[in-house]
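Chemist: Under full-length UniProt numbering, think of the first position of the sequence shown as 1, with each following residue one higher. One structure, pasted below without further comment.
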Amino acid sequence: MANILLLDNIDSFTYNLVDQLRKHKNNVIVYRNTVDINIISHALIQLTNPILMLSPGPGLPRDAGCMSSLIKIVKGQIPMIGICLGHQAIVEAYGGQIKYAGEIFHGKVSSISHDGLEMFKNVPQYLPVARYHSLICSDVPKDLIINSTFNQMIMSVRH
Numbered sequence: 001m002a003n004i005l006l007l008d009n010i011d012s013f014t015y016n017l018v019d020q021l022r023k024h025k026n027n028v029i030v031y032r033n034t035v036d037i038n039i040i041s042h043a044l045i046q047l048t049n050p051i052l053m054l055s056p057g058p059g060l061p062r063d064a065g066c067m068s069s070l071i072k073i074v075k076g077q078i079p080m081i082g083i084c085l086g087h088q089a090i091v092e093a094y095g096g097q098i099k100y101a102g103e104i105f106h107g108k109v110s111s112i113s114h115d116g117l118e119m120f121k122n123v124p125q126y127l128p129v130a131r132y133h134s135l136i137c138s139d140v141p142k143d144l145i146i147n148s149t150f151n152q153m154i155m156s157v158r159h
């Protein structure tokens, strides 16, 4: 069982994540990105071995409420995982860039290739994933390892 603080970037997919995490017996608390960062930071330090999960959401990472500031406070201190906008925010917080993907990928499936390590251990290669974004990460800093791609577009990173 993990203690997860999920930052809701005001996305309809957020509670699908919450339901799945709770189904697997994880303790999940949810805060919207509009909540004061001091309240969220305090909630995080109250958890034993917390994990910060950053949800999908609309727009650019820098426009997603307190998310970018929260990442800067906790990076290197606690594990984080970002999905879609959350993933882009992590890359941006480490110095990477976010740019237009060249086309919109809303509701499209792509088969990603990955390195088979860490979160991709025992996961089949060319995994079909649903994509809902029109932005991608670029200029990923060397602090981050690109661990999955589709047509040379970065789909995930790890630290």
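Beta carbons are placed, not taken as given, at the ideal position from N, Cα and C, and that holds for glycine.
(1) Determine the DSSP secondary structure at M67, reduced to helix, strand or coil.
(2) Counting Cβ pairs, one atom from each stretch, are 3 or more of them under 8 Å apart for the region 71-86 and the region 101-114?
(3) Between the beta-carbon of F105 and the beta-carbon of Y132, is there less than 8 Å?
(4) Which residues share a DSSP beta bridge with K108?
(5) Pick helix, strand or coil for N3, following the three-state DSSP scheme.
(6) Answer yes or no: do R32 and I10 have a C-beta to C-beta separation smaller than 8 Å?
(7) Going by alpha carbons, who is nearest to Y100 out of L60, I90 and K23?
(8) Rounded to the nearest angstrom, how far is the Cβ of V91 from that of V123, given a contact under 8 Å?
(9) So, for A93: in the same chain, excluding its five sequence neighbours on each side, which residues have a beta-carbon less than 7 Å away from its beta-carbon?
(10) Do you know whose CA, among T14, S148, Q152 and G102, lies nearest L54's CA?
(11) Excluding the 5 residues flanking P58 on each side, which residues of the same chain have their C-beta closer than 8 Å to its C-beta?
Modeler: This is what the structure gives:
(1) Here M67 carries a helix assignment [DSSP, helix/strand/coil].
(2) no
(3) yes
(4) R131
(5) strand
(6) yes
(7) L60
(8) The Cβ separation is near 21 Å, so there is no contact.
(9) Spatial neighbours of A93 in its own chain (CB-CB distance under 7 Å, excluding positions within 5 residues in sequence) are listed in chain order as S68, I71, K72 and K75.
(10) T14
(11) The residues are N9, I10, D11 and L85.
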